[in-house]
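Data block below; observations after.
Protein chains: 2
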Amino acid sequence: MTTAHGAVETPAFMPVGTQGAVKGVTHRDLESLGAEILLTNTYHLYLRPGDDLIARRGGLHRFIGWTRPILTDSGGYQVFSLAARRTIDEQGAHFRSHLDGSAHSLTPETATDIQARLGSDIAMVLDECLAHPADAAAARHSMQRTLRWACRARDRFLALRDGLVPDVIVSNPGQAQFGIVQGSVFPELREESARHTVDVGFEAYAIGGLSVGEPIDVMYDIVSRTAPCLPADRPRYLMGTGTPADLVEAVARGIDLFDCVLPTRVARNGLLFTRRGRLQIKAARYARDPRPPDDGCRCYTCRTFSRAYLRHLFAAQELLAYRLNSLHNLTFYADLMADLRAAIERGESRAFVENALASFREGVDAPSY
Amino acid sequence: MTTAHGAVETPAFMPVGTQGAVKGVTHRDLESLGAEILLTNTYHLYLRPGDDLIARRGGLHRFIGWTRPILTDSGGYQVFSLAARRTIDEQGAHFRSHLDGSAHSLTPETATDIQARLGSDIAMVLDECLAHPADAAAARHSMQRTLRWACRARDRFLALRDGLVPDVIVSNPGQAQFGIVQGSVFPELREESARHTVDVGFEAYAIGGLSVGEPIDVMYDIVSRTAPCLPADRPRYLMGTGTPADLVEAVARGIDLFDCVLPTRVARNGLLFTRRGRLQIKAARYARDPRPPDDGCRCYTCRTFSRAYLRHLFAAQELLAYRLNSLHNLTFYADLMADLRAAIERGESRAFVENALASFREGVDAPSY
Chain A
1 MTTAHGAVET PAFMPVGTQG AVKGVTHRDL ESLGAEILLT NTYHLYLRPG
51 DDLIARRGGL HRFIGWTRPI LTDSGGYQVF SLAARRTIDE QGAHFRSHLD
101 GSAHSLTPET ATDIQARLGS DIAMVLDECL AHPADAAAAR HSMQRTLRWA
151 CRARDRFLAL RDGLVPDVIV SNPGQAQFGI VQGSVFPELR EESARHTVDV
201 GFEAYAIGGL SVGEPIDVMY DIVSRTAPCL PADRPRYLMG TGTPADLVEA
251 VARGIDLFDC VLPTRVARNG LLFTRRGRLQ IKAARYARDP RPPDDGCRCY
301 TCRTFSRAYL RHLFAAQELL AYRLNSLHNL TFYADLMADL RAAIERGESR
351 AFVENALASF REGVDAPSY
Chain B
1 MTTAHGAVET PAFMPVGTQG AVKGVTHRDL ESLGAEILLT NTYHLYLRPG
51 DDLIARRGGL HRFIGWTRPI LTDSGGYQVF SLAARRTIDE QGAHFRSHLD
101 GSAHSLTPET ATDIQARLGS DIAMVLDECL AHPADAAAAR HSMQRTLRWA
151 CRARDRFLAL RDGLVPDVIV SNPGQAQFGI VQGSVFPELR EESARHTVDV
201 GFEAYAIGGL SVGEPIDVMY DIVSRTAPCL PADRPRYLMG TGTPADLVEA
251 VARGIDLFDC VLPTRVARNG LLFTRRGRLQ IKAARYARDP RPPDDGCRCY
301 TCRTFSRAYL RHLFAAQELL AYRLNSLHNL TFYADLMADL RAAIERGESR
351 AFVENALASF REGVDAPSY
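If you read the sequences in order, they're chains A and B.
Per the working numbering, residue 1 is the first one in the first sequence, and the count goes up by one each step.
Per the working numbering, residue 1 is the first one in the second sequence, and the count goes up by one each step.
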């Protein structure tokens, strides 16, 4: 995938820098572990420090000091999940800030304007995030609204690109815009949404509205049914997913791009992902364990520290615990994607997927191979 | 100063890794900013994860993954300031853990044994930490008890070194032991304490019981009167101090070694030390400021990020704010010590001291030179 700030090898996982920073690590850490693209949240940066301030500082890349590609979400998901007293109508979403209660509106047009000011390399359209479960009628109604919003967002994006909106600073003239497929858990709605979203015409396409509480096999089935409806020559982005197993399963179904707060959020709670499954570092059995979390891992944490020390840091609530755990989990995700790319190039992706999923199930305390 | 884990250029500042980690930074950060020696707190490591566990893991260096010199305090200061329901008698200090209320005693002998198990390169004797202010009689009584404890601690240290205490694991046979001068704010008590502590005979000597609330000029005066009473061919360690100005003033009075939580603690509160004085990163005037905190600083924070971004991170309470601020303050302290060493070697320490103190007073928002 090529962007205005360089190429990204796919399949790729995007660490989430919600407010312009990934919790627990530095940009330098991200670069050294091989992260090629960062996701930041439009809702948070719009409220603080503000998209106008960032535009006047030269855009998001310069403001946060990150030189590689950045994808921004539309802000819609946070509005639906975080904002107070939100209402949605055909125009858009109307809400109050979770920070100070101030009133705001997010429409297909303003979500596009805000991301233009931020100057991300990839902007997302505003979509309606339907709660799960939803019946077929509600899902169809919401999917169709998301399609109407997609048309408005694309029109605005092209107007900004053509310089027809003089009062909006366009920080990154090379910005791309991705459409989003909705339709809840209904395959025929997903296929209809995909077909019409592709008709609108975006640089690439995402699958939204999954990982919202539906059974895991339902998610895999929807991905299997939806991915083939999206252009094979454009990256396919599965939004907000997931576990290491989810990523492997989704790549096997044609997904190229992922984002999720999971690896950093659970790291701060002491959960480490390894090639042999999950490791809860606070467990008493690690108090005297001289082994690294994952003896197959190249990260600074695994190269330098024992489970015994990491358990001590976590028990003592040292900041270093959150940092070392996050650095490991993000490295694990980056290496899993790199291994998948290599397997795909070798034509051995099926065998890799089966072996990886089996290895995750083995358990971290299984005897070392 | 040479230790079992290598040499330390003096004057030197020791970052404080209270529980075996310096808050907000990694060991790798500390090495790259030039920290040659780390201080860790015996009280905390004794309670969690325990000195016996650390000894059985091969000692503190191996347990925490730090290969350079380590100094451990005696645990006395934390017992006096942190522990619950503490009593002190001639035998030692008796207290309850701040973690679980369990009962413990810290004596000159057990403080020496615990540090032998930890295997630090420099162990400190247990001293009585008198509250300020204290009258001359109380100060004399406490200083004399500290002298009696020093004799007991040295006897124990030598017995451990000679292998006469078989039930204590000695993790670092090359460990040194420093004595501590007390005497509150009374010059004659300080001189008497120094003379007798030197008579006991330690590898080197520290000045304790300062920076406890006395006026700053009183502290400088006591340092001026005490340092000359300590051997010129051994490092002189001023415990628990201080601000950049304090370090410069104390080096000018013959001090070689410092430790303080100040640079990391205030960093987590948004205070940055610079060559031009103090910078409160949360101030509104930095919201759009593209300059680094200190344009004369080589640290990752100053090389990479603007005051505007650092202010945003702090306002958003991002972990990265604590990390970048701590990295800067520790680099500032390390470079201040390096600049002092260079000035001393050039025979220009007096001019350096005057210029540094004047520069700190200029104010960070003064026009750049």
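All residues carry an ideal CB built from backbone N, CA and C; glycine is no exception.
- Y205(B) is bridged by DSSP to G179(B) and R236(B).
- Your pair L247(A) and L330(A) does not check out as a contact, with CB atoms roughly 13 angstroms apart and the cut at 8 angstroms.
- It is roughly 57 angstroms from the alpha-carbon of A194(B) to the alpha-carbon of V16(A).
- Looking at the DSSP output, R350(B) shares a beta bridge with no other residue.
- Interface flag for G59(A) against chain B is unset, since no Cβ pair is found closer than 8 angstroms.
- M1(B) sits in coil when the DSSP states are folded into three classes, being neither helix nor strand.
- Residue environment for L99(B): exposed (fewer than 16 other C-beta atoms within 10 angstroms of its C-beta).
- In this chain, S105(B) is not harboured by any alpha helix (DSSP H); it is covered by the beta strand (DSSP E) spanning A103 to L106.
- With respect to A116(A), S105(A) sits apart: the two C-beta atoms are not nearer than 8 angstroms.
- In the DSSP annotation of this structure, I169(A) is not part of any beta strand (DSSP E), being labelled neither H nor E.
- Linking A287(B) to Q91(B) through their CA atoms gives a straight-line distance of about 56 angstroms.
- Taking all protein chains in view, the Cβ of E345(B) is surrounded by fewer than 16 other Cβ atoms within 10 Å, so the residue is classified as exposed.
- Taking a contact to require three or more Cβ pairs closer than 8 angstroms, the region 339–357 of chain A and the region 235–249 of chain B do not qualify as touching.
- A contact is defined here as three or more CB-CB pairs under 8 angstroms, and the region 179–191 of chain B meets this definition with respect to the region 130–141 of chain B.
- Per the DSSP secondary-structure output, Q280(B) pairs in a beta bridge with L271(B).
- Not a single C-beta of chain A is nearer than 8 angstroms to the C-beta of K282(B).
- Listed in chain order, the beta strand (DSSP E) runs fully inside the region 20–88 of chain B are 38–40, 70–72 and 84–88, counting runs of at least 3 residues.
- For the C-beta of P290(A), the chain B residues within less than 8 angstroms are, from N- to C-terminus, R57.
- For the pair of segments examined, the region 117–126 of chain B was found to touch the region 60–73 of chain B: the number of CB pairs separated by less than 8 angstroms reaches three.
- Listed along chain A is no residue with a C-beta nearer than 9 angstroms to that of A123(B); the closest approach is about 21 angstroms.
- A check of alpha carbon separations from L82(B) across T107(B), L47(B) and T110(B) identifies L47(B) as the nearest.
- The Cβ-Cβ distance between I255(A) and P11(A) falls below 8 angstroms.
- Judged by DSSP in its simplified three-state form, H132(A) adopts coil rather than helix or strand.
- Between G76(A) and C129(A), the beta carbon gap of about 6 angstroms places them in contact (Cβ cut-off 8 angstroms).
- Rounded to whole angstroms, the Cβ separation of F314(B) and G270(B) is 5 angstroms, and the two are in contact under 8 angstroms.
- From the listed residues R350(A), R96(A) and I70(A), the smallest Cα separation to Q78(A) is found for R96(A).
- With the rule of 3 Cβ pairs closer than 8 angstroms, the region 15–33 of chain B does not count as touching the region 290–299 of chain A.
- Here H132(B) is not near E31(B), since their CB atoms are 8 angstroms or more apart.
- Counting only Cβ-Cβ distances below 7 angstroms, I64(B) has contacts in chain A at Y309, in chain order.
- Residue pairing from DSSP places L257(A) in a beta bridge opposite A12(A) and Y237(A).
- Here the C-alpha atom of V364(A) lies approximately 15 angstroms from the C-alpha atom of A308(A).
- Using a CB distance cut-off of 8 angstroms, G119(B) does not count as an interface residue toward chain A.
- The C-alpha of Q182(A) lies about 30 angstroms from the C-alpha of L164(A).
- Going by DSSP, F95(B) is part of no alpha helix (DSSP H) but of the beta strand (DSSP E) stretching over A93 to R96.
- Listed along chain B are Y300, each with a C-beta nearer than 7 angstroms to that of R28(A).
- Separation of A35(B) and V8(B) (C-alpha to C-alpha, rounded to the nearest whole angstrom) is 9 angstroms.
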